[in-house]
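Chemist: At position 206 of the sequence shown (counting the first as 1) the number is 794 in the working numbering, and the numbers step up by one without a gap. In this text, a Cβ means the ideal position worked out from N, Cα and C, and glycines have one as well. Quantities reported herein were computed from a predicted structural model and do not represent experimental measurements. Here it is: the structure, laid out below.
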Amino acid sequence: MTLSSPIRILHLVPEILPTHRVDVLALFGKYLPRHDVTCDVIGRSDDKPLTAQQGFASVRRVAQTGGRLRRELRFALTCLRAALGASPDRYDAVQVRDLVSTGLLVMLAARLRGIPFLFWMSFPMCEGRIVRARNSGWRGRIVLAKGLLEKWLLYRVVLPGARHVFVQSDAMGDMVAAQGIARDKITAVPMGVDTELIVQPEGTGSRREGVPQIAYLGTLDKLRRLDLVIDALRLVRERHPSAELLLIGGGEPSDAAALHEHAARLGLQDAVRITGWMPAPQAWGMLRAADAAISYIPRGIVFDVSSPTKILEYLALGMPSVANDIPDQVWVLRNSDAGWLTGSTVAELAAALCEILDDPEASRARAARGPAFIEATRSYRVLAEQLAGRYRQLVGKR
């Protein structure tokens, strides 16, 4: 514990509580309290009992019953009432995460109450909604209109009205600054790893002896274009004919079905396995049993500004890892020299994977640099210390 003056934040998040978002849980529930920065969190309810506060000072959940419009209105009004009921002697800041329309209401309430308003942008929600809508034909027109309206509100009203804007990567900071937001009011807080939890588990995956295994950890959402990873596997098997791909994660049933169908079209139905979601320790154990791990992120406006967790977890586990050239992964792999940075084509991904599989012993030796690098630069311990310092500057406390 530090001897600093305590900071209390009213933090409004769109997630269901208790949260599975590691950045929310690790940063705000576990590590920031060690620096006397605590949060009262308001989020959504999944109608299950709240079994733990997850380290937050308090948790309030908004029921998700009724139609979608009714649910959204109820949540927005709850956040607005909380902000209007806040006082400067209790809260040092009100922070909204990713909520644009609700953020506008809360910004006005915080200004009325004389409390600093902060905005946390973990994902380009508006841009993502616009991209999805434009890929959905005429049925996506309403979603497209909402995305365009919220984008205007975000960059022309909400962010200019915030005392400070937190983003997930330097690339996202550049994107926000390009919209006219002053660069000195933007701070990047990238994704990290809770290195107190991600111990070095023994490999627990099921595999045949002598069969090279490539692993991927994360969502199977169709926008992630994991069909290209399967295409890379096909090229890898030209040099390593028995290589397999293990997709550790889940998503919509249709997403997994589409990947199975794509593998079957390439004759790889027996070489691609999808596990579904599983607890993190079990997933890490399966990763450790593989020979190589891949973090492919599609290039484009939505994902170029992301800060992927998977490559950080791979490095923290000492896994030989391949990642393509989105900006945050470029920074991580160039500075760690613990993985294989590639372009984003199928051929480039396959070539890097083959380099790992060609010499597993040398690949493990190179990957052994990863854990120390993550601990020093991307552990939530380090990120929380830096973030606590930024909060103290913003609210004028030491």
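1. Answer with buried or exposed for Leu747, where buried requires no fewer than 16 other C-beta atoms within 10 angstroms of its C-beta.
2. Determine the closest residue to Met695 out of Arg751, Leu982 and Lys898, with distance taken between C-alpha atoms.
3. From the DSSP output, in three-state form, read off Ser675 for me.
4. Would you list the residues sitting across from Met709 in a DSSP beta bridge?
5. Determine whether the Cβ of Ile818 lies closer than 8 Å to any Cβ atom of chain D.
6. Please state whether DSSP places Tyr884 in a helix, a strand or coil.
7. Have a look at Ser689 and Pro869 and give me their C-alpha separation to the nearest angstrom.
8. Since Ile882 and Leu937 are thought to touch, with beta carbons under 8 Å apart, how far apart are those beta carbons, to the nearest angstrom?
9. Since Leu823 is in the beta strand (DSSP E), which residue starts that stretch and which ends it?
10. How would you call Asp686, buried or exposed, if buried means at least 16 neighbouring beta carbons within 10 angstroms?
11. Whole-angstrom Cβ separation of Ala871 and Leu945, contact assumed at under 8 Å?
12. If we ignore side chains and look at the alpha-carbon of each, how far apart do Leu657 and Glu826 end up?
13. Buried or exposed: which applies to Pro676, given that a residue is buried once 16 or more other Cβ atoms fall within 10 Å of its Cβ?
14. When DSSP builds the beta bridges, which residues end up paired with Tyr574?
15. Nearest to Pro621 by alpha carbon, out of Asp635, Leu835 and Ser646?
16. State the start and end residues of the unbroken beta strand (DSSP E) segment that holds Thr775.
17. Using a 10 Å radius around the Cβ and a threshold of 16 neighbouring Cβ atoms, would you call Leu737 buried or exposed?
18. Tyr619 to Leu903, Cα distance in whole Å?
19. May I ask you to list the residues that DSSP assigns as paired with Ser924?
20. Going by C-alpha to C-alpha distance, which of Glu715, Cys714, Gly906 and Leu598 sits closest to Arg648?
21. Under three-state DSSP, which class holds Glu943?
22. State the start and end residues of the unbroken alpha helix (DSSP H) segment that holds Leu971.
23. Smallest Cα separation from Glu715: which of Leu982, Thr933, Glu973 and Asp892?
24. When the Cα of Leu741 is compared with those of Cys667, Asp611 and Leu693, which residue comes out closest?
Modeler: Quick answer:
1. Position 159 of the sequence shown holds residue 747. That one is buried.
2. The residue labelled residue 695 in the question sits at position 107 within the sequence shown. For Met695, the nearest C-alpha among the options comes from Arg751.
3. If you number the sequence shown from 1, residue 675 lands on position 87. It is coil, neither helix nor strand.
4. By 1-based counting over the sequence shown, the position of residue 709 is 121. The secondary-structure analysis by DSSP pairs Met709 across a beta bridge with Val755.
5. Absent from the structure: chain D. Only one protein chain is present.
6. Residue 884 sits at position 296 when you count from the first residue of the sequence shown. Tyr884 carries a coil assignment under DSSP once its states are collapsed to helix, strand and coil.
7. Position 101 of the sequence shown, counted from the start, is the residue given in the question as residue 689. Position 281 of the sequence shown, counted from the start, is the residue given in the question as residue 869. In a straight line, the C-alpha of Ser689 is about 37 Å away from that of Pro869.
8. Working through the sequence shown from its first residue, we reach residue 882 at position 294. Working through the sequence shown from its first residue, we reach residue 937 at position 349. Contact holds; Cβ gap of about 7 Å.
9. For this step, residue 823 is matched to residue 235 along the sequence shown. Counting along the chain, Leu823 falls outside any beta strand (DSSP E), though it belongs to the alpha helix (DSSP H) covering Asp815 to Val824.
10. Position 98 of the sequence shown holds residue 686. By the neighbour-count criterion, in which 16 or more other beta carbons inside 10 Å mark a residue as buried, Asp686 falls on the buried side.
11. By 1-based counting over the sequence shown, the position of residue 871 is 283. By 1-based counting over the sequence shown, the position of residue 945 is 357. The beta carbons of Ala871 and Leu945 sit about 21 Å from each other, so the pair does not count as a contact at 8 Å.
12. Looking up residue 657 in the sequence shown gives position 69. Looking up residue 826 in the sequence shown gives position 238. Going by the C-alpha atoms only, they are around 52 Å apart.
13. On the sequence shown, residue 676 is found 88 positions in, with the first residue counted as 1. By the neighbour-count criterion, in which a residue is buried when 16 or more other Cβ atoms sit within 10 angstroms of its Cβ, Pro676 is exposed.
14. Absent from the model: residue 574. The displayed extent of the chain is 589 to 986, so no value can be given.
15. Within the sequence shown, residue 621 is the residue found at index 33, counting from 1. If we check each option's Cα against that of Pro621, Ser646 comes out closest.
16. By 1-based counting over the sequence shown, the position of residue 775 is 187. Segment Ile774 to Ala776, the beta strand (DSSP E) holding Thr775.
17. Your numbering for residue 737 matches position 149 in the sequence shown. Counting Cβ neighbours within 10 Å, Leu737 comes out exposed, since fewer than 16 surround it.
18. Along the sequence shown, one-based indexing puts residue 619 at 31. Along the sequence shown, one-based indexing puts residue 903 at 315. The C-alpha of Leu903 is placed about 21 Å away from the C-alpha of Tyr619.
19. By one-based count along the sequence shown, residue 924 stands at place 336. In the DSSP assignment, no residue is bridged to Ser924.
20. Locating residue 648 in the sequence shown gives position 60, where the first residue counts as 1. Arg648 has its Cα closest to that of Leu598, out of Glu715, Cys714, Gly906 and Leu598.
21. Against the sequence shown, residue 943 aligns to sequence position 355. When secondary structure is reduced to three states using DSSP, Glu943 falls in the helix class.
22. Here residue 971 refers to the residue found at position 383 of the sequence shown. Counting along the chain, the alpha helix (DSSP H) containing Leu971 begins and ends at Tyr968 to Val983.
23. As a position in the sequence shown, residue 715 is number 127, starting the count at 1. The alpha carbon of Glu715 has as its nearest neighbour, out of Leu982, Thr933, Glu973 and Asp892, the alpha carbon of Asp892.
24. To locate residue 741, count along the sequence shown from 1; it is residue 153. Answer by Cα proximity: Leu693.
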